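Have a look at the structure below, then the notes.
Protein chains: 2
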Amino acid sequence: MYKLKFTLIFCLFLVSVNVQSQTDEQVIKDIYKKALTNGKSYAWLNHLSNQIGGRLSGSLNAEKAVEYTKEELEKLGLNKVWLQPVMVPKWVRGIKEYAFIESESGKTTTVNICALGGSVATPALGLKANVIEVKNFEDLEALGKAEIEGKIVFYNRSMQADLILTFEAYGGCVNQRYMGAVEAAKYGAVGVIVRSMNLRMDDLPHTGSMTYNDLPNEQRIPSAAISTNDAELLSTMLQLDPAVNFYFKQNCRQLKDVQSYNVIGEITGSEFPDEYMIVGGHLDSWDLGDGAHDDGAGVVQSMDVLRLLKESGIKPKRSIRVVLFMNEENGLRGGKKYAELAKQKGENHVFALESDSGGFTPRGFSFDCNDATFNQVLSWQPLFKPYLIHYFEKGGSGADVGPLKTKSNVLAGLRPDSQRYFDHHHASNDTFDAVNKRELELGAATMTALVYLFDKYGVNPINKDTQIKD
Amino acid sequence: MYKLKFTLIFCLFLVSVNVQSQTDEQVIKDIYKKALTNGKSYAWLNHLSNQIGGRLSGSLNAEKAVEYTKEELEKLGLNKVWLQPVMVPKWVRGIKEYAFIESESGKTTTVNICALGGSVATPALGLKANVIEVKNFEDLEALGKAEIEGKIVFYNRSMQADLILTFEAYGGCVNQRYMGAVEAAKYGAVGVIVRSMNLRMDDLPHTGSMTYNDLPNEQRIPSAAISTNDAELLSTMLQLDPAVNFYFKQNCRQLKDVQSYNVIGEITGSEFPDEYMIVGGHLDSWDLGDGAHDDGAGVVQSMDVLRLLKESGIKPKRSIRVVLFMNEENGLRGGKKYAELAKQKGENHVFALESDSGGFTPRGFSFDCNDATFNQVLSWQPLFKPYLIHYFEKGGSGADVGPLKTKSNVLAGLRPDSQRYFDHHHASNDTFDAVNKRELELGAATMTALVYLFDKYGVNPINKDTQIKD
């Protein structure tokens, strides 16, 4: 028994020595090889997507996902795994929404809609009204109360197709969805229909969060998304006859907040255990699909980062945590809670990386950091080139890690290829079959390589610890 | 009428002046914008895939594709559109193949196979024999005739998962498919089963070309591909019991060569009409799917290059041709014929670009050219960066343009993201729905930008014409 124990310890020692004598090129090559030949992310995602399914905050599925990922992290031999309690909103969709366009002659055409997350219900028998189409809030102002009162406002601004980064096109549209009800209610609108945030023409409505801000309950109007094909249809019918009616029925509602959890695992640092580096995604998803891309992918990739570090025999100097955030989609409670508690405990979070842009082929990272650190990142570009990782830009990181921002730390976001992302985002086709195993695994490897480099060289190049030694 | 004509000419003049006064950045931005907001490639691909379908050389569908693409090119207002006759092989699959594994007890398990292109049929009632599994030709040699004679050779070497460029993994495997029958026949094998060239585990067999070289007819043994899942199953069953039988039946055959065509369109150069730059893909495809990625995508992207040049008001100095090659898959007759006739006519082909790696997000190009030209290409990298095109490497180009190689010209291949390509390659799921519109359009724009730059600055930087003027 002693002999076995000694042999085991000796083996671990050899692995450790081996990694330390390897060049960064070799370590990173090994990470990619392990991810592509022995990755766990795809199997985890299969379970999250196909055994659990959509994981809306406050749902039973969300709690199953908490339990499952905690159990899986516990199998990895990390130093700590725990749940961090957080209260989350619970919004439920109710029965499937129904909508049609009605011409003056009474002929009806059924269209595909879904309630926006956070919306109130229509009256029990539905809501029917004339429709006024607008592209933006300026249009509302120009039309004024006289043209809008008593009508359903139809926001029909498309995502801009010639932007290469589709997230920029999303950014240029999403205020219609998020603020559309608040703005339309000012002019006496009775409901809101929003063109789905989708670059493709299809029949799938895409949900997503919306707000009423502090509007009193009686001024809250029901809001739904309509598929891109049906948005075009509605627009055409309105051009032919502005008097057409739109009918929709949804019985979604907001319940009381419920208890949920962030799931956290940690490899405690060997030299600077009080410096925390985190990698994460969000466990919750919308309810229409199974949330494979948004953000099952980010969850399983983040889990695999810690597994790959261990499998590669890397003993990080700093404490590396995987954080699976709850409630990114409709509240960001998990991200806020994690940052709040980190602040309370005085935990120094020097680095936070989020994967929440889909499980597609990774192209690189965006960084929210100072110039010195960014230049350090740029010096690593040759290490990533063999893996076709070329995109290193300053910019946003991720919603969940945002609250951790300090003057000196590094926030980063994985940037996968974005062309297909909004075909699936928040829709019923955000499903496991749309994720490619290799693309997912390449993302996990790319994240692991970045974590390895930041742990080895440190975040702030002026520290002694951060001199590049190789 | 005169007034209208004058106005039109004046407008064209303005467009032309405008392009010439624009920077390369502006011209390329406009190309991408036009491709993404007003591209034609996706609609063309829809027709090729869904109205015509698989286009195996010598088939009726292949001729329909010739006719359709010629008609569409004629609508573009090019200077010339014509068909270039070429005799092509005609291999037909016959009725759907059937195969099973039979245990000693007589229990049978059906498996998914398809005949390899060019294979002979099995006997009419099928072929049943013991199986010997090998990974490569060295295994055959080590086993020798004693172990192989009278058996079916099962080539089961997987694609190497840790290679980032999946085409390299394909290159490491494809000799099993192409030369497997010739090598196995040397040892008296009666048939060949090859693991599908696919990085994914699924149930789809992937066809592809194979050869018998100059083997006499009576030594030609039938060859088929088996799905990756079924290859694993067969391998496992052989480990449990090496005496299992494999049965397969296919009635494919090689008919006489038939007449077909390369389809060619040309914008004649304004300054150097005798210098030819071509862009192309191959019109033929395998027959199991509709050939959307291989190579419908390359066909429609190449067509769109000429359309985008015209739409952008670019008047090329050199003659730009789109060439839609026939019979890349099982003979390369179109590529050879085009080069042969170009040589006969003394046409100086200074540049040839092929798109034949799928319609996925473009990552860049590989180049077969001299160092001076390659350095010129590298100087253009900043122009491509806004479109996330980063990959510029020396290497292969494309099978169809290969025969055009001279000492001084440039051959190039579009390099799209390759992670998903072999999930679909030569299989029944190489279909239109697997192509993303934006990814396809980005490829067309990227090709157009490269053609624009090479036309403007020339191929050989030591020529007067090729000094970079901007």
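Chains as they are written, first to last, in this note's numbering: chain A, 1 to 470; chain B, 1001 to 1470.
Ideal Cβ placement from N, Cα and C applies to all residues, glycine included.
From a predicted model like this one, the values you see are computed outputs, not experimental measurements.
Burial state of residue i, where buried means 16 or more other Cβ atoms lie within 10 Å
{"i": "residue 176/A", "result": "buried"}
{"i": "residue 1030/B", "result": "buried"}
{"i": "residue 1053/B", "result": "buried"}
{"i": "residue 94/A", "result": "exposed"}
{"i": "residue 1060/B", "result": "exposed"}
{"i": "residue 1184/B", "result": "buried"}
{"i": "residue 71/A", "result": "exposed"}
{"i": "residue 395/A", "result": "exposed"}
{"i": "residue 112/A", "result": "buried"}
{"i": "residue 1453/B", "result": "buried"}
{"i": "residue 439/A", "result": "buried"}
{"i": "residue 82/A", "result": "exposed"}
{"i": "residue 1266/B", "result": "buried"}
{"i": "residue 1156/B", "result": "buried"}
{"i": "residue 457/A", "result": "buried"}
{"i": "residue 255/A", "result": "exposed"}
{"i": "residue 1034/B", "result": "buried"}
{"i": "residue 79/A", "result": "exposed"}
{"i": "residue 463/A", "result": "Interpretation of residue 463/A is limited by its pLDDT of 47, a score under 50 that renders its predicted location unreliable; no figure is taken from the coordinates."}
{"i": "residue 1001/B", "result": "Residue placement at residue 1001/B is poorly supported in this model, since its pLDDT is 45, which falls under 50; the coordinates still yield a value, given next. By the neighbour-count rule (16 or more Cβ atoms within 10 Å), residue 1001/B is not buried but exposed."}
{"i": "residue 1147/B", "result": "exposed"}
{"i": "residue 1471/B", "result": "Outside the shown range of chain B, which is 1001 to 1470, sits residue 1471/B, and nothing can be said about it."}
{"i": "residue 275/A", "result": "buried"}
{"i": "residue 37/A", "result": "exposed"}
{"i": "residue 1050/B", "result": "exposed"}
{"i": "residue 1125/B", "result": "exposed"}
One or two residues paired with residue i in a DSSP bridge
{"i": "residue 1259/B", "result": "1087/B"}
{"i": "residue 1191/B", "result": "1152/B"}
{"i": "residue 1296/B", "result": "None; residue 1296/B has no bridge partner."}
{"i": "residue 1276/B", "result": "1319/B, 1349/B"}
{"i": "residue 101/A", "result": "109/A, 246/A"}
Neighbour flag for residue i against chain A, beta carbons, 8 Å
{"i": "residue 1037/B", "result": "yes"}
{"i": "residue 1436/B", "result": "yes"}
{"i": "residue 1198/B", "result": "no"}
{"i": "residue 1033/B", "result": "yes"}
{"i": "residue 1425/B", "result": "no"}
{"i": "residue 1381/B", "result": "no"}
{"i": "residue 1146/B", "result": "no"}
{"i": "residue 1042/B", "result": "no"}
{"i": "residue 1161/B", "result": "yes"}
Closer than 8 Å to chain B by CB, residue i
{"i": "residue 469/A", "result": "Residue placement at residue 469/A is poorly supported in this model, since its pLDDT is 38, which falls under 50; the coordinates still yield a value, given next. Closer than 8 Å: no."}
{"i": "residue 386/A", "result": "yes"}
{"i": "residue 164/A", "result": "yes"}
{"i": "residue 361/A", "result": "yes"}
{"i": "residue 115/A", "result": "no"}
{"i": "residue 452/A", "result": "no"}
{"i": "residue 391/A", "result": "yes"}
{"i": "residue 439/A", "result": "yes"}
{"i": "residue 419/A", "result": "yes"}
{"i": "residue 169/A", "result": "no"}
Whole-Å CB distance - residue i paired with residue j, under 8 Å assumed
{"i": "residue 1102/B", "j": "residue 1247/B", "result": "6 Å"}
{"i": "residue 1412/B", "j": "residue 1356/B", "result": "Wrong, their Cβ atoms sit about 12 Å apart, outside the cutoff."}
{"i": "residue 229/A", "j": "residue 201/A", "result": "6 Å"}
{"i": "residue 1296/B", "j": "residue 1048/B", "result": "5 Å"}
{"i": "residue 1210/B", "j": "residue 1181/B", "result": "6 Å"}
> Is it a yes or a no for the region 1334-1342 of chain B touching the region 1401-1414 of chain B, going by three-plus beta-carbon pairs under 8 Å?
Replying inline: yes
> Does the pairing of the region 279-292 of chain A with the region 161-171 of chain A give three or more beta-carbon distances under 8 Å?
Replying inline: no
> Given 8 Å as the limit, is there contact between the region 444-456 of chain A and the region 1420-1435 of chain B, that is, 3 or more CB pairs closer than that?
Replying inline: no
> Below 8 Å, can you find three or more Cβ-Cβ pairs linking the region 1323-1337 of chain B to the region 1373-1380 of chain B?
Replying inline: no
>> Three Cβ pairs or more, each shorter than 8 Å: is that satisfied between the region 359-367 of chain A and the region 413-424 of chain A?
In response: yes
> Is there contact here, the region 1118-1130 of chain B with the region 1247-1263 of chain B, by at least three beta-carbon pairs under 8 Å?
Replying inline: yes
> Counting Cβ pairs closer than 8 Å, one from the region 314-325 of chain A and one from the region 266-286 of chain A, do we hit at least three?
Replying inline: yes
>> Three Cβ pairs or more, each shorter than 8 Å: is that satisfied between the region 1130-1141 of chain B and the region 1062-1069 of chain B?
In response: no
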